[in-house]
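In mature numbering (1 follows the signal peptide of the UniProt record, and there is no 0), the protein residues as written are -22 to -1, 1 to 471.
What follows is the structure in structure tokens.
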């Protein structure tokens, strides 16, 4: 099958008026421009998958395959100049370079220690639509997704340069752009983001859906896109919370041990139907570094709960989150905290999906997040189904004096942030807030999908944008920014 498919494609490329005896003329290899030191993700035109160090290997001879794009260090590549238009392609994860060990068609692409020889050198040949082919110096053949596969883990190899879509790669610079700018997303594969600026760095944590809590940091917002995720806590072995880590948030709070970071997250048991086992948990840092080290502090509740956050009203702390056990549908709750890890009294329902725009695809209120402005206390929450295109944000305002009294909260009658038809952003939600480095600007961080069918999984990516305020004191988030649009970085970078 492989030989026949290649023969047919070669014949199609070889057809020239006059017919018999025509030969394939390989397009000239124009030297595409690469930026030294810049990390690139290489996405195959045919499959849409990224070039990936398979199974996160760091050893010589490890396979390089394709995998769904997540922008992890194992999918980041730097081009090292070998002179004369030739480059070695180095993994940001392993420090090894790409190598094609022989000249044979179909040979597995691997990584190896950098020797700067012909088997490790590639030139870039331009293809249509801004794509490139990577031509190996030793074999003269092009990097190729074997058998035109679209599967995760499919082999990347080499074949005669036919300029097929499975030999074409999009080079996506991470953290690129002019100084003082950035483009969304700031993290691929980054659902449920929480971002804070602290002591000169941006810190970002997102859902991992595994047994680790990870964080990345950068001095610029743009730099988060290429920053490696670092494990700050491993949940393996915990009796009820080893797995399916969701929605991490870290808050700098005063407690009996002084000021510490408290990292709240959702996790459950390692079972097929993990939803019923998901619970809230909290970690405590040893000092004031957001990246820890952390120790486990407490379980927060004993039944199904999600999306923990902390509200501060005066000197009092409150835990907010999501549950669905009182017959009102998936709802937000609030409960007193005597300290950052100890609950007090009963929880109270803060909001439930009562309005039509909160019930699209499925009735949901979740992900309550605190927002403060000039003494006003607000909660921004996510509404409707996260697996539908109409996931969006709503607003609650504390119009009374008691956060534990539902009658003292007023729900805004319309959404405050939602998809805008035509800009390619779907299901924007599950947000957080941060301020610019100089403290003059307010910013929202959120996740969204690239398509209406994007789903409620790791396809969601982290985005950020500045917001302003309406005359009535409510936030004006505007519309979600289209991917790839150059935005001005936060003030004070």
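From the three backbone atoms N, C-alpha and C, an ideal C-beta is built for every residue, glycine too.
The structure presented is a predicted model; accordingly, all values stated were derived computationally and were not measured.
* Taking residue 66 as the reference, give the member of 87, 79, 95, 48 with the closest Cα. => In the chain shown, counting from the first residue as 1, residue 66 sits at position 88. For the residues 87, 79, 95, 48, the minimum Cα distance to residue 66 belongs to 95.
* To do: With DSSP collapsed to three states, give me the class of residue 282.
  => Numbered from its first residue, the chain shown carries residue 282 at position 304. The answer is coil: DSSP assigns residue 282 none of H, G, I, E or B.
* Report the rounded CA-to-CA distance for residue 234 versus residue 315, giving the unit in angstroms. => As a first step, residue 234 is located in the chain shown; it is residue number 256 there, counting from the start. As a first step, residue 315 is located in the chain shown; it is residue number 337 there, counting from the start. Near 13 Å, if we compare the C-alpha coordinates of residue 315 and residue 234.
* Just the Cα atoms here: how many angstroms apart are residue 73 and residue 450? -> For this step, residue 73 is matched to residue 95 along the chain shown. For this step, residue 450 is matched to residue 472 along the chain shown. One C-alpha to the other measures close to 53 Å.
* Is it the case that the Cβ atoms of residue 213 and residue 135 are separated by a distance below 7 Å? -> Stepping through the chain shown from its first residue, residue 213 is reached at position 235. Stepping through the chain shown from its first residue, residue 135 is reached at position 157. In this structure, residue 135 does not lie closer than 7 Å to residue 213 by Cβ.
* **6 Å CB neighbourhood of residue 323 in its chain, flanking five on each side removed** => As a working mapping, residue 323 is identified with position 345 in the chain shown. Counting only Cβ-Cβ distances below 6 Å, and skipping sequence neighbours, we find 314.
* To do: Inspect the beta-carbon positions of residue 410 and residue 173 and report whether they are closer than 7 Å.
  => Your numbering for residue 410 matches position 432 in the chain shown. Your numbering for residue 173 matches position 195 in the chain shown. Result yes, Cβ atoms of residue 410 and residue 173 sit closer than 7 Å.
* Would you call the CB atoms of residue 403 and residue 385 closer than 7 Å? -> For the purposes of this step, residue 403 is identified with residue 425 of the chain shown, where counting begins at 1. For the purposes of this step, residue 385 is identified with residue 407 of the chain shown, where counting begins at 1. Not in contact: residue 403 and residue 385 (Cβ atoms no closer than 7 Å).
* To do: Could you tell me if residue 343 is buried or exposed, where buried requires 16 or more neighbouring beta carbons within 10 angstroms of its beta carbon?
  => Counting from one through the chain shown, the residue named residue 343 turns up at place 365. That one is buried.
* C-alpha gap between residue 467 and residue 160, whole angstroms -> As a working mapping, residue 467 is identified with position 489 in the chain shown. As a working mapping, residue 160 is identified with position 182 in the chain shown. Straight through space, the alpha carbons of residue 160 and residue 467 are spaced by roughly 6 Å.
* Limits of the beta strand (DSSP E) - the one that residue 310 falls within -> Position 332 of the chain shown, counted from the start, is the residue given in the question as residue 310. Element bounds for residue 310: 309 to 317.
* Taking only the alpha-carbon atoms, compute the straight-line gap between residue 438 and residue 42 and give it to the nearest angstrom. => For this step, residue 438 is matched to residue 460 along the chain shown. For this step, residue 42 is matched to residue 64 along the chain shown. Cα to Cα, the separation comes out at about 24 Å.
* Could you check how far apart the C-beta atoms of residue 219 and residue 245 are, in whole angstroms? I think they sit under 8 Å. => Here residue 219 refers to the residue found at position 241 of the chain shown. Here residue 245 refers to the residue found at position 267 of the chain shown. Confirmed, Cβ separation roughly 4 Å.
* Asked: Near residue 291, which residues of its chain fall below 8 Å by C-beta distance, leaving aside the five closest residues on each side in sequence?
  -> The sequence position of residue 291 within the chain shown is 313, counting from 1. Correct list, in chain order: 355, 376, 381.
* **Secondary structure of residue 68, DSSP reduced to three states** => Counting from one through the chain shown, the residue named residue 68 turns up at place 90. DSSP places residue 68 in strand when its eight states are reduced to three.
* To do: Could you tell me the distance, in whole angstroms, from the CA atom of residue 115 to the CA atom of residue 148?
  => For the purposes of this step, residue 115 is taken as residue 137 along the chain shown, with counting starting at 1. For the purposes of this step, residue 148 is taken as residue 170 along the chain shown, with counting starting at 1. Approximately 20 Å between the Cα atoms of the pair.
* Whose C-beta lies closer than 7 Å to the C-beta of residue 351 among residues of the same chain, with five residues either side of it excluded? -> As a position in the chain shown, residue 351 is number 373, starting the count at 1. 447, 451, listed in sequence order.
* residue 338 vs residue 366 beta-carbon contact at 7 Å -> Counting from one through the chain shown, the residue named residue 338 turns up at place 360. Counting from one through the chain shown, the residue named residue 366 turns up at place 388. A contact, by the Cβ cut-off of 7 Å.
* To do: Kindly confirm or deny that the segment 161 to 171 and the segment 117 to 135 touch, where touching means at least three C-beta pairs closer than 8 Å.
  => no
* Asked: How big is the Cα-Cα spacing for residue 311 and residue 319?
  -> As a first step, residue 311 is located in the chain shown; it is residue number 333 there, counting from the start. As a first step, residue 319 is located in the chain shown; it is residue number 341 there, counting from the start. Rounded to the nearest angstrom, the two C-alpha atoms are 16 Å apart.
* Ordered along the chain, which non-local residues of its own chain (more than five positions away) have a Cβ less than 7 Å from that of residue 51? -> Counting from 1 along the chain shown, the entry for residue 51 is found at position 73. Within the same chain, residue 51 has close Cβ partners 70, 71, 206.
* Selection from 383, 401, 434 that minimises the alpha carbon distance to residue 407 -> Here the question's residue 407 lines up with position 429 in the chain shown. Minimum Cα distance to residue 407 is reached at 434.
* Asked: Which residues in the same chain as residue 197 place their Cβ atom closer than 7 Å to its Cβ, once the five residues preceding and following it in sequence are excluded?
  -> The sequence position of residue 197 within the chain shown is 219, counting from 1. Result list for residue 197: 178, 179, in chain order.
* Let me know if residue 12 comes out buried or exposed under the rule of 16 or more other beta-carbons within 10 Å of its beta-carbon. => Working through the chain shown from its first residue, we reach residue 12 at position 34. With 16 or more neighbouring CB atoms inside 10 Å of its own CB, residue 12 falls in the buried class.
* Asked: What three-state label does DSSP hand residue 32 in the structure shown?
  -> Translated into positions along the chain shown, residue 32 becomes position 54. The answer is helix: DSSP assigns residue 32 an H, G or I state.
* Asked: Helix or strand or just coil, what does DSSP make of residue 4?
  -> For the purposes of this step, residue 4 is taken as the residue at position 26 of the chain shown. Because the pLDDT at residue 4 is just 37, under 50, the model does not fix this residue reliably, and the value given afterwards should be weighed accordingly. Residue 4: coil per DSSP, three-state reduction.
* How about residue 44 and residue 27: do their beta carbons lie closer than 7 Å? -> What you label residue 44 is simply residue 66 of the chain shown in a count that begins at 1. What you label residue 27 is simply residue 49 of the chain shown in a count that begins at 1. Contact flag set, yes.
* Asked: What number of angstroms, rounded off, separates the C-alpha of residue 454 from the C-alpha of residue 340?
  -> By 1-based counting over the chain shown, the position of residue 454 is 476. By 1-based counting over the chain shown, the position of residue 340 is 362. Each residue's alpha carbon lies about 26 Å from the other.
* Round the Cβ separation of residue 252 and residue 261 to the nearest angstrom and send it over; I've been treating them as touching at under 8 Å. => Indexing the chain shown from 1 puts residue 252 at position 274. Indexing the chain shown from 1 puts residue 261 at position 283. Going by Cβ atoms, the distance from residue 252 to residue 261 rounds to 20 Å, so no, they are not a contact pair.
* Asked: Can you pull the DSSP bridge partners for residue 426?
  -> One-based indexing of the chain shown puts residue 426 at position 448. The partner list for residue 426 (beta bridge, DSSP) reads 439.
* For residue 9, the three-state DSSP class (helix, strand or coil) -> As a working note, residue 9 is residue 31 in the chain shown. Because residue 9 carries a pLDDT of 44, less than 50, the predicted location of this residue cannot be relied on, and the following value inherits that uncertainty. In the structure shown, residue 9 sits in coil (DSSP, three-state: anything other than H, G, I, E or B).
* Asked: Looking only at DSSP bridge pairs, what is residue 453 linked to?
  -> On the chain shown, position 475 is the one that residue 453 refers to. Its beta-bridge partners are 447.
* Assign residue 393 to one of two classes, buried (16 or more other C-beta atoms within 10 Å of its C-beta) or exposed (fewer than that). => Sequence index remark: in the chain shown, residue 393 carries index 415 (1-based). It counts as buried.
* Do residue 22 and residue 123 come within 7 Å of each other at the CB atom, strictly closer than that value? -> Translated into the one-based positions of the chain shown, residue 123 becomes position 145. Translated into the one-based positions of the chain shown, residue 22 becomes position 44. Cβ atoms of residue 123 and residue 22: closer than 7 Å.
* Tell whether a beta-carbon distance below 7 Å holds between residue 76 and residue 97. => In the chain shown, the residue the question calls residue 76 occupies position 98. In the chain shown, the residue the question calls residue 97 occupies position 119. Contact: no.
* **Supposed contact pair residue 288 and residue 231 - C-beta distance, whole angstroms, cut 8 Å** => Taking the first residue of the chain shown as position 1, residue 231 is located at position 253. Taking the first residue of the chain shown as position 1, residue 288 is located at position 310. Rounded, the Cβ-Cβ distance is 7 Å, consistent with contact.
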